[in-house]
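Participant:
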Amino acid sequence: MIDLHSHILPGLDDGSRSLAESLEMARLAVADGTTHMACTPHIVPGMYENGSANIGPAVHELEQALRRAAIPLALYVGADVHIAPDLPEQLALGSVPTLNRSRYFLFEPPHHVLPPRLEDLALRLINAGFIPILTHPERLTWIKANYDVVERLNAIGCLVQLTADSIVGAFGRTALYYSEKLIDEGRVDIIASDTHGATRRPPGLSQAVAVAAKRCGEDEARNMVLKRPGEILANRPLEPVGKARSKKPSPGNVGRFAGLGRLLKGGIA
Numbered sequence: 002m003i004d005l006h007s008h009i010l011p012g013l014d015d016g017s018r019s020l021a022e023s024l025e026m027a028r029l030a031v032a033d034g035t036t037h038m039a040c041t042p043h044i045v046p047g048m049y050e051n052g053s054a055n056i057g058p059a060v061h062e063l064e065q066a067l068r069r070a071a072i073p074l075a076l077y078v079g080a081d082v083h084i085a086p087d088l089p090e091q092l093a094l095g096s097v098p099t100l101n102r103s104r105y106f107l108f109e110p111p112h113h114v115l116p117p118r119l120e121d122l123a124l125r126l127i128n129a130g131f132i133p134i135l136t137h138p139e140r141l142t143w144i145k146a147n148y149d150v151v152e153r154l155n156a157i158g159c160l161v162q163l164t165a166d167s168i169v170g171a172f173g174r175t176a177l178y179y180s181e182k183l184i185d186e187g188r189v190d191i192i193a194s195d196t197h198g199a200t201r202r203p204p205g206l207s208q209a210v211a212v213a214a215k216r217c218g219e220d221e222a223r224n225m226v227l228k229r230p231g232e233i234l235a236n237r238p239l240e241p242v243g244k245a246r247s248k249k250p251s252p253g254n255v256g257r258f259a260g261l262g263r264l265l266k267g268g269i270a
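Here this note's numbering = 1-based position in the sequence shown + 1.
1) Less than 8 Å between the C-beta atoms of residue 100 and residue 233, yes or no?
2) Roughly how many angstroms lie between the CA atoms of residue 67 and residue 132, to the nearest whole one?
3) Do residue 196 and residue 26 have their C-beta atoms closer together than 8 Å?
4) Please list the terminal residues of the continuous alpha helix (DSSP H) segment that includes residue 168.
5) Return no unless some Cβ of chain B is closer than 8 Å to the Cβ of residue 205.
6) Tell me, please, which residues DSSP counts as bridged to residue 144.
7) Decide if residue 230 is buried, meaning its Cβ has at least 16 other Cβ atoms within 10 Å, or exposed.
8) Spatial neighbours of residue 74 within its chain, please: CB distance less than 8 Å, with the 5 preceding and 5 following residues excluded, ordered by chain position.
9) Counting only the same chain and skipping the five closest in sequence on each side, list residues whose C-beta sits under 7 Å from that of residue 248.
10) Can you find the residues in the same chain that come closer than 8 Å, C-beta to C-beta, to residue 54, ignoring five residues on each side of it along the sequence?
11) When you compare each of 102, 170, 83, 13 to residue 62 by their alpha carbons, which one comes out closest?
12) Roughly how many angstroms lie between the CA atoms of residue 93 and residue 129, to the nearest whole one?
13) Determine, using beta carbons only, whether residue 113 and residue 142 come nearer to each other than 8 Å.
14) Roughly how many angstroms lie between the CA atoms of residue 16 and residue 219, to the nearest whole one?
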């Protein structure tokens, strides 16, 4: 499997705190069946001032450590990119890294507040030749009142990535509900771990794949952790599945969680 979202690089953000922890995260990922992992530390202006200049060398150093430890995990450069007005320009300059230098990048909106003109920014990015991968929308607190924004971002060309732990219920009822809704509507392109540590949010995709397969089928669940991530790393053209698939929920799932969003009122993750 291929994990496109991780905070495995030591000391760059709120993820791994040390090289030893990074190596343990890698061991856990490999034991769970992950063979390739994108290293995607936060880029948050004023908080995590990461960029291509320091992420690339950090990936190289961790690769060397993995070789010395005989841990068979291939690493790729990337970033968990938070929104900024000049993001299209920074991507074009290469100062903000995409996933393996492709057209694709992880695009993380604010967790608790829907920013104005988010769709306009996404369109600017797409028109500039980049494809945003909307990270864990199921965990955004504003999704309850603004699910239509996620639908429109998907419709204009943003890919959708769910967090593995959301699918198995580890982030609570709301994240589980929206994970299932997005899967049932055929909007999910990628499942990733968004791992932050060896014990705190450890890596692993297999359990989420097994759960997702019960809703969308084994082949489609595998596509979310193998086929599509591989195409992204190879920079191949990839249209969001939500643009081409029926949005109708499976008959057995209609009404299962009806009204949950109404019962639940509605940073960095």
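No residue lacks a Cβ here, since even glycine has one placed at the ideal position from N, Cα and C.
Facilitator: In this structure, then:
1) yes
2) 30 Å
3) yes
4) 165 to 168
5) In the structure shown, chain B cannot be found, because there is only a single protein chain.
6) By DSSP's assignment, residue 144 forms no beta bridge with any residue.
7) Counting C-beta atoms within 10 angstroms of its own C-beta, residue 230 has 16 or more neighbours from the protein chains shown and is therefore classed as buried.
8) 27, 30, 31, 35, 36, 37, 38, 67
9) Only weak support is given to the placement of residue 248: the predicted model assigns it a pLDDT of 43, under 50, and the question is left unresolved by the model.
10) 96
11) 13
12) 8 Å
13) Judged by their CB atoms, residue 113 and residue 142 are nearer to each other than the 8 Å cut-off.
14) Between residue 16 and residue 219, the C-alpha separation is close to 31 Å.
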